[in-house]
Structures are given as structure tokens and as C-alpha cells.
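I have placed the structure first, in the form of C-alpha cells, so that the comments after it can refer back to it.
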Ligand code: PEP
Ligand code: MN
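Numbering (our numbering), first residue to last: 424 to 765.
The structure is reproduced here in C-alpha cells:
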């Protein structure tokens with residue numbers, strides 16, 4: 424349930440509503456906007472008795488929320504969330520005016536490779552560096568990532584370039600490590616419904632990049648994000664990375680329609696991963712451009728200095744030269760589709 428306060432409700436009125444919610448054994452989430460304060464209720468298994476609030480001072484209306492998620496919705500939080508990655512005032516953001524570019528190799532393979540790609544993507548305008556140290560691979564015999572040594576290399580990439588490090592944690596212990604070396608926790612497609620991992624990320628001080636599961640529905644994606652917000656971490660960015668369909672011409676089917684669908688109901692930023700979404704390098708630029716055109720808040724793109732030698736996902740990695748060209752193109756599209764201030 425959502426309790427909408429009158430525009431002239433006092434802080435005491437809000438505090439009284441919060442007190443009643445807590446007295447009922449639930450959790451209150453007050454969100455103030457320029458027009459009004461709304462107070463969301465979570466923790467209830469069944470519907471909440473609205474009559475308890477009807478006559479409290481300052482209450483305008485109570486709205487029943489029937490969706491399986493609440494905190495991620497615009498009903499609860501009418502202003503769009505802008506996720507700042509880092510504490511410094513000029514830290515890059517996702518969900519604001521700038522187009523967030525998260526680029527780098529699929530995996531950290533060596534210091535030389537990590538530095539070469541980082542220097543190049545920085546020069547081309549990226550402000551985030553992606554690379555996995557823990558890789559979720561279909562085969563147990565495939566390269567699994569460099570582990571903590573890979574994270575140490577990523578920390579030196581950050582030192583060297585000032586790029587923000589986005590890197591995957593596949594379990595709760597790995598979240599501890601990503602917190603030590605990185606700037607943003609990636610939860611991969613295969614773990615989108617690993618609920619213990621989601622809860623642990625929800626207790627982190629770092630922002631979270633939540634990738635859509637391979638066959639996750641819209642409601643499942645938003646419900647997974649809800650797990651993170653429900654633990655108190657509101658710095659969540661969603662990522663469309665393609666879903667599994669019957670087609671054979673791409674690795675996954677990039678569901679670009681999910682971008683406006685999410686933006687219609689949620690305040691969370693959403694970015695598009697054109698690399699995993701297609702699996703083929705020649706499709707990455709066209710789909711990245713399409714992602715920006717439909718209004719995504721950013722892009723994830725895999726880049727490698729020698730894609731043919733990559734230890735994972737080489738077939739979908741852009742060369743440095745192609746990444747530079749793609750960046751110029753997506754920036755033009757972003758300028759063209761950015762909302763016009765009235
Ligand atoms: C990745 O980003 O390298 C990755 C493994 O992505 P996903 O979880 O979307 O497959
Ligand atoms: Mn990859």
C-alpha cells in the first residue's frame with residue numbers, strides 16, 4: 424500500500440503515519456518529492472487495512488499496490504533515480520543526462536591486456552571499465568577468470584585511469600572482494616534470481632548492476648531488483664542483455680522493448696548490453712545505436728585489444744578501432760534523442 428500525504432501535511436503528520444505502520448509490524452518508506460510525501464508499506468504478506476490511515480491528519484489517499492514489487496516503482500518514487508558511482512562530486516552517474524558507457528573485455532586476462540583496453544576505452548570517452556575476475560562459464564573446463572588476482576589488476580586499472588570498475592560477483596563471498604577492489608557490483612544473468620546474492624548486494628554500500636536473466640520476464644526482473652532495494656540499497660541499475668529465444672542468428676535476442684516498458688513503471692535506470700545481446704561483433708554497433716535510440720541510460724560493450732585471442736567472448740568483442748567509431752555514432756544518437764527542455 425502507498426499512503427499519499429496532502430501537499431500541506433506536516434512532518435508530524437508523516438511521523439504519525441510512519442508510527443502507525445510500524446505499530447502494525449510493517450516497514451515504512453517515506454519518499455518526499457516537491458509536490459508531496461508518499462509513504463510506502465512493505466513487509467505485509469496480505470493486504471493492509473486502509474481504514475487505519477483514512478482519518479489520520481494530512482493523509483490525502485491510500486493506494487493499493489497489487490504488483491509483486493513496490494520500491495522499484497514510480498508510484499513509490501516518482502523521480503527517476505540517478506545512480507552515482509563513487510563519492511566524489513564529479514563521479515560518473517547512470518540515469519542522469521550523460522550516456523553511461525561501460526566498456527572493457529569480458530574477462531581480465533593479464534595486466535597488459537587490462538591496461539591496453541582500459542587506456543583505449545578511456546580515450547574514446549568511457550567512464551566505466553568492465554571486466555570479469557569471476558566468470559560464470561557454461562563449461563567447468565572453460566577459463567573461469569583470474570579471481571582475486573584479477574580484481575587486484577582492476578584496482579590498478581582504476582588507479583591508472585580513474586575509470587570506475589564494474590565487475591561480477593557470483594556469490595556472497597565474492598561481494599566482499601568486489602567491495603574491496605571495485606566500484607559497482609555486477610550480478611550476472613545466471614544469478615538474477617540468486618536471492619541470497621541479491622540480498623547481500625542489497626546490504627552493500629556499492630551500486631549494483633543487475634543483468635536480466637536469460638529467460639526472465641519483466642516482472643521477474645523488477646522483482647529481483649526489489650530484493651536489493653528491500654535491503655536498503657537503492658543504487659540499482661538494470662541491464663537488458665538479451666533473452667533466449669528460438670532464433671539461431673544471434674546468441675540472444677536483445678529485447679529493446681523492455682527499455683520503455685521499464686521506464687513506464689520504474690524509476691531505476693536501465694542500460695543495454697549489445698555484446699551479450701547479440702554475441703556477434705558485427706551486430707554490436709547497430710544494436711548499441713538502437714539501444715540509445717530507444718532511450719537506454721547507457722551501454723555495456725565488450726572491447727578487446729586482440730579479440731581473436733580472447734579467453735572468453737572474443738566473437739562479440741569490438742576491436743579498439745571499432746569501439747572508437749561506435750562511440751562517435753552513439754553520442755550523435757544520444758544528442759538527437761535527449762529530451763528537449765521546455
Ligand atoms: C558478462 O558480462 O561478461 C556476462 C557474463 O554477462 P551475462 O551475465 O549477461 O551473461
Ligand atoms: Mn562476456
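Beta carbons: idealized from backbone N, C-alpha and C, even for Gly. Predicted model, so just to flag it, every value in this text is computed and none were measured.
With a threshold of 7 Å on Cβ separation, who are the neighbours of residue i within its own chain once the five nearest residues in sequence on each side are excluded?
i           : result
residue 734 : 530, 532, 566
residue 490 : 496
Does residue i pass the burial test, meaning 16 or more other C-beta atoms within 10 Å, or should it be called exposed?
i           : result
residue 442 : exposed
residue 593 : buried
residue 515 : buried
residue 608 : buried
residue 472 : exposed
residue 763 : exposed
residue 445 : exposed
residue 492 : buried
residue 596 : exposed
residue 430 : exposed
residue 701 : buried
residue 591 : buried
residue 558 : buried
residue 457 : exposed
residue 485 : buried
residue 761 : exposed
residue 618 : exposed
residue 746 : buried
residue 452 : buried
Ordered along the chain, which non-local residues of its own chain (more than five positions away) have a Cβ less than 6 Å from that of residue i?
i           : result
residue 449 : 464, 466, 467
residue 581 : 588
residue 526 : 544, 549, 724, 726
residue 615 : 636, 639, 647
residue 476 : 426, 482, 485
I think residue i touches residue j, with their Cβ atoms under 8 Å apart; what is that distance to the nearest whole Å?
i           : j           : result
residue 645 : residue 495 : 5 Å
residue 428 : residue 437 : 6 Å
residue 694 : residue 722 : 6 Å
residue 598 : residue 624 : 6 Å
residue 698 : residue 724 : 6 Å
residue 606 : residue 589 : 7 Å
residue 536 : residue 728 : 6 Å
residue 479 : residue 439 : 6 Å
residue 691 : residue 648 : 6 Å
residue 708 : residue 752 : 7 Å
residue 460 : residue 502 : So it is not a contact: roughly 13 Å between Cβ atoms.
residue 657 : residue 504 : 7 Å
residue 500 : residue 454 : 5 Å
residue 571 : residue 600 : 6 Å
Residues in its own chain within less than 8 Å of residue i by CB, not counting five upstream and five downstream?
i           : result
residue 750 : 524, 547, 548, 549
residue 730 : 704, 737, 738, 740, 741, 742
residue 655 : 625, 626
residue 620 : 592, 593, 594, 595, 598, 610, 614
Taking residue i as the reference, which of the options has the closest Cα?
i           : options            : result
residue 603 : 575, 584, 619      : 575
residue 613 : 634, 538, 595      : 634
residue 542 : 583, 513, 748      : 583
residue 513 : 647, 585, 618, 435 : 585
residue 554 : 563, 562, 528      : 528
residue 518 : 715, 668, 732, 728 : 715
residue 662 : 682, 509, 510, 568 : 682
residue 756 : 717, 745, 639      : 717
residue 759 : 667, 434, 520      : 520
residue 629 : 572, 510, 611, 745 : 510
residue 556 : 562, 564, 569      : 569
residue 483 : 539, 475, 426      : 426
residue 508 : 488, 551, 669      : 551
Check your reading: residues with Cβ closer than 5 Å to the ligand MN heavy atoms = 529, 736
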